[in-house]
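Per this note's numbering, the sequence shown starts with residue 2, numbered consecutively.
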Amino acid sequence: MRYCILFIITLCVTNCVSTKVFNDLESRYSKVKIEKNKLQNSEDSLQQSLDKLDEKLSETQAYLEISRDSTKLGLKINELLNEELDLVKKNSTLKIQENIAKNNALIKKIAIKETELLSRTERIDRLEKIISSQKKILSDLKNKISEALLNYRGKGLSIKQRNGKVYISMENKLLFKSGKWNIELQGKQALMRLSKVLEENPDISILIEGHTDNIPFTSNGSMESNWDLSTKRATAVVEILLENNNILPQNLTAAGKSEFIPIASNTTIEGRAANRRIEIILSPSLDKIIELISSEKQ
Numbered sequence: 002m003r004y005c006i007l008f009i010i011t012l013c014v015t016n017c018v019s020t021k022v023f024n025d026l027e028s029r030y031s032k033v034k035i036e037k038n039k040l041q042n043s044e045d046s047l048q049q050s051l052d053k054l055d056e057k058l059s060e061t062q063a064y065l066e067i068s069r070d071s072t073k074l075g076l077k078i079n080e081l082l083n084e085e086l087d088l089v090k091k092n093s094t095l096k097i098q099e100n101i102a103k104n105n106a107l108i109k110k111i112a113i114k115e116t117e118l119l120s121r122t123e124r125i126d127r128l129e130k131i132i133s134s135q136k137k138i139l140s141d142l143k144n145k146i147s148e149a150l151l152n153y154r155g156k157g158l159s160i161k162q163r164n165g166k167v168y169i170s171m172e173n174k175l176l177f178k179s180g181k182w183n184i185e186l187q188g189k190q191a192l193m194r195l196s197k198v199l200e201e202n203p204d205i206s207i208l209i210e211g212h213t214d215n216i217p218f219t220s221n222g223s224m225e226s227n228w229d230l231s232t233k234r235a236t237a238v239v240e241i242l243l244e245n246n247n248i249l250p251q252n253l254t255a256a257g258k259s260e261f262i263p264i265a266s267n268t269t270i271e272g273r274a275a276n277r278r279i280e281i282i283l284s285p286s287l288d289k290i291i292e293l294i295s296s297e298k299q
């Protein structure tokens, strides 16, 4: 009996405890379930976030890949540009050096030309001075000859200065008889006066030309033609001038021109008389001018 009561008491106690535990467990289960649901929801949310992050990561990786390729391409392009720039710089340097060399050569040529031009200008100045001096000498010479032969003006004598020379023209009536080459006294006196002036100018070249009219010369055995007559008359003038020992023979030249350089018409008596003449042509020495020209050619 006593055991029965204990059993019943134990059973009751056991039932009471089980119900309480059950309820407690059920309550805890509910909480756990709720927590599970929360965790599940949280896991889903996390999974969604993770998926988004994976998607963004993929996008970022793709962007980085594109950026990396772009960077590589940019670096390659930059490398090529730098190579081209170096090539351009190198070519530019060569071009610059070539241009500098050309410019230096041009400057050298210009300097040489300037030196040559200066030297030529100096020679031209000297030449002009020589020519100017010669013109003055000839002008003074013409004036002195005009004074010396003043008494013979109107007797077939004329004195002119042209082309850098002095021309003294003497008609035959002042010097010779018709068909003769011996100089008459009046002609000798005129030539001796002329020689006095010429001896003061040893640098003057003296050309004596004999001229005739176009009437054929009748040969008398000692004279063959107008050529012969004109030459003999020119030579006769040279011989008279050389009677002055101060006249340099090397300055004298005799030439016969016959009838071929008339200064008037041979159809009239007056014209033929003018053509029968001796011309004494005085020229300044060309030695200094030739020397200047020769130095320029060298």
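The beta-carbon is built from N, C-alpha and C at its ideal position, and this holds for glycine as well.
Owing to the predicted nature of the structure, the values given are computational and were not obtained by experimental measurement.
Asked	Found
Residues near K161 by beta carbon distance below 6 angstroms, same chain, minus five either side	Y168
Nearest-angstrom beta carbon gap, I209 and I300 [assumed within contact, 8 angstroms]	In the structure as shown, the chain starts at 2 and stops at 299, and residue 300 therefore has no counterpart that could be examined.
Residues bridged to I132 (per DSSP)	Per DSSP, none; premise fails for I132.
Inter-stretch contact at 8 angstroms, needing at least 3 Cβ pairs: the region 109–125 / the region 136–146	no
C-alpha distance - P285 paired with K96, whole-angstrom precision	58 angstroms
Own chain residues within Cβ distance below 8 angstroms of T250, not counting five before or after	With the sequence shown as reference, residue 250 is identified as Pro, and Thr is not the correct amino acid for it. Only L243 meet the Cβ criterion.
Proximity test, I125 beta-carbon vs the ligand MG heavy atom, cut-off 8 angstroms	Ligands displayed in this structure: none; no statement on the ligand MG is therefore possible.
Beta-carbon gap between I281 and H212 smaller than 9 angstroms	no
Beta-bridge pairing of T94 - partner residues as DSSP gives them	T94 pairs with nothing; no bridge assigned.
Other residues of its chain near I248: CB distance less than 7 angstroms, five sequence neighbours each side excluded	S196, L199, E200, L242
Sheet register partners of K143 (DSSP bridge)	Answer by DSSP bridge pairing: none, since K143 is not bridged.
C-alpha gap between D204 and I216, whole angstroms	37 angstroms
Outcome for S231 when other beta-carbon atoms lying within 10 angstroms are tallied against a minimum of 16	buried
Opening and closing residue of the beta strand (DSSP E) in which L208 lies	205–212
A102 classed as buried or exposed, judged by whether at least 16 other C-beta atoms fall within 10 angstroms	exposed
Rounded straight-line distance, which links the Cα of S120 to that of G188	50 angstroms
Distance between D52 and S59 (C-alpha atoms, nearest Å)	10 angstroms
Contact belief for I128 with A191 at Cβ below 8 angstroms, rounded distance in angstroms	According to the sequence shown, residue 128 is Leu rather than Ile. Contact flag wrong, Cβ pair sits at about 35 angstroms.
Own chain residues within Cβ distance below 7 angstroms of G257, not counting five before or after	G211, W228, S231, T232, A235
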